[in-house]
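A.B. asks: Encoded as structure tokens, here's the structure I'll be asking about.
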Amino acid sequence: MDPVNPKAAETGSSAASSRSLSKPGASWPDGYGRLIFDSVDSTLSEAARRASELTGPTWILAQEQTAARGRRGRSWATPRGNFAATLMLRHGEEPSSAALRSFVASLALRRAFVATTRDESAFALKWPNDVLLNGGKVAGILLESIGDHLAIGIGVNLAHAPGADQVEANALRPVSLAGETGVTVAPTAFLDVLAKEYA
149 MDPVNPKAAE TGSSAASSRS LSKPGASWPD GYGRLIFDSV DSTLSEAARR
199 ASELTGPTWI LAQEQTAARG RRGRSWATPR GNFAATLMLR HGEEPSSAAL
249 RSFVASLALR RAFVATTRDE SAFALKWPND VLLNGGKVAG ILLESIGDHL
299 AIGIGVNLAH APGADQVEAN ALRPVSLAGE TGVTVAPTAF LDVLAKEYA
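The opening position of the sequence shown corresponds to residue 149 in my numbering, with each subsequent residue numbered one higher.
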């Protein structure tokens, strides 16, 4: 299967649509595949379902997640306009070394935000999993080991932030990129930037 233009297929996800919405931009990094879905239960779950057919590092993006999961198994839905993606990597690393991928992803995510907004001072890292914008949480990262793959799940509040009743008590204030900066960016366009920064 072409990682850039996958054919529609039944996947066991909440929606059968798995068409590529657009080809990567000219700056897409060499050696990385890309799968874009309209709606899935979770990009981490979709990554697990497709692990055996992936031949190299591959980004899996969904325009909508209906049953996403985060730390401590907390579940939520990702509305359209926000960013939900998983990077699948083959790894033979020790768990302690694999965990460092979270730091790499955090740094790449912050660089992608700065490249998108041209505002370096507004973004900070809360090691090892979160990116903050004006003191509020705008993005989170979750690592999962799937066989001989490492899955790096990334969620970003590009357009919408969850309400206070949707987050844990004492959690950081959730914010969105659009709400805090006025900058709007499509998930596919943000993926182009993030993939380049990670590579």
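All C-beta atoms in this analysis are idealised placements derived from N, C-alpha and C, irrespective of residue type, glycine included.
All values derive from a computational prediction rather than experimental measurement.
Quick one, which of T206, E328, A199 has its alpha-carbon nearest H308's?
C.D. replies: Start at 1 with the first residue of the sequence shown, and residue 308 comes out as number 160. The candidate whose alpha carbon is nearest that of H308 is E328.
A.B. asks: Does N230 pass the burial test, meaning 16 or more other C-beta atoms within 10 Å, or should it be called exposed?
C.D. replies: Here residue 230 refers to the residue found at position 82 of the sequence shown. It is buried - the Cβ of N230 has at least 16 other Cβ atoms within 10 Å.
A.B. asks: How is the alpha helix (DSSP H) around L248 delimited, first residue to last?
C.D. replies: Stepping through the sequence shown from its first residue, residue 248 is reached at position 100. Per DSSP, L248 belongs to the alpha helix (DSSP H) from 248-265.
A.B. asks: The beta strand (DSSP E) with R238 in it runs from where to where?
C.D. replies: Residue numbering aside, residue 238 sits at position 90 when the sequence shown is read from its first letter. Start and end: 231-238.
A.B. asks: Do you know how far the Cα of Q213 is from the Cα of L169?
C.D. replies: Against the sequence shown, residue 169 aligns to sequence position 21. Against the sequence shown, residue 213 aligns to sequence position 65. The predicted position of L169 is uncertain, since its pLDDT is 36 and thus under 50; no value can be drawn from it.
A.B. asks: Per the DSSP calculation, S293 is bridged to which residue(s)?
C.D. replies: Position 145 of the sequence shown holds residue 293. Answer is L298, bridged to S293.
A.B. asks: Cα separation between R238 and S293?
C.D. replies: Walking along the sequence shown from the start, residue 238 turns up at place 90. Walking along the sequence shown from the start, residue 293 turns up at place 145. C-alpha separation (whole angstroms): 10 Å.
A.B. asks: Give me, in chain order, the residues of the same chain whose beta-carbon lies closer than 6 Å to that of A210; leave out the 5 immediate sequence neighbours on both sides.
C.D. replies: Residue 210 sits at position 62 when you count from the first residue of the sequence shown. F185, V188, T191, A232.
A.B. asks: According to the neighbour-count rule (16 or more other Cβ atoms, all chains shown, within 10 Å of its Cβ), is L325 buried or exposed?
C.D. replies: Stepping through the sequence shown from its first residue, residue 325 is reached at position 177. Buried is the call here.
A.B. asks: Considering only the alpha carbon of each residue, which of P322, L306, A347, A319 lies closest to T332?
C.D. replies: Translated into the one-based positions of the sequence shown, residue 332 becomes position 184. Of P322, L306, A347, A319, the residue nearest in Cα terms is L306.
A.B. asks: Among the candidates T234, P177, T265, whose CA atom is the shortest distance from the CA of S193?
C.D. replies: Numbered from its first residue, the sequence shown carries residue 193 at position 45. When each option's Cα is compared against that of S193, the closest is T234.
A.B. asks: Is the separation between the beta-carbon of R249 and that of L298 shorter than 8 Å?
C.D. replies: As a first step, residue 249 is located in the sequence shown; it is residue number 101 there, counting from the start. As a first step, residue 298 is located in the sequence shown; it is residue number 150 there, counting from the start. Cβ atoms of R249 and L298: closer than 8 Å.
A.B. asks: Taking just the CA atoms, how far does G204 sit from K171?
C.D. replies: Within the sequence shown, the letter at position 23 stands for residue 171. Within the sequence shown, the letter at position 56 stands for residue 204. Per-residue confidence for K171 stands at a pLDDT of 47, beneath the threshold of 50, marking its modelled position as unreliable; the derived number appears in the next sentence. Their Cα atoms are separated by approximately 18 Å.
A.B. asks: Who are the near neighbours of I302 in its chain, counting only those whose CB is closer than 6 Å to its CB and skipping five residues on each side?
C.D. replies: Against the sequence shown, residue 302 aligns to sequence position 154. The answer, listed in chain order, is A233, I289.
A.B. asks: Put Q213 into one of helix, strand or coil per three-state DSSP.
C.D. replies: In the sequence shown, counting from the first residue as 1, residue 213 sits at position 65. It is a strand residue.
A.B. asks: Give the straight-line distance between the Cα atoms of R167 and I300, rounded to the nearest whole angstrom.
C.D. replies: Counting from 1 along the sequence shown, the entry for residue 167 is found at position 19. Counting from 1 along the sequence shown, the entry for residue 300 is found at position 152. The predicted model places R167 with a pLDDT of 34, which falls under 50 and marks its position as unreliable; any figure quoted below should be read in that light. Computed Cα separation, rounded: 22 Å.
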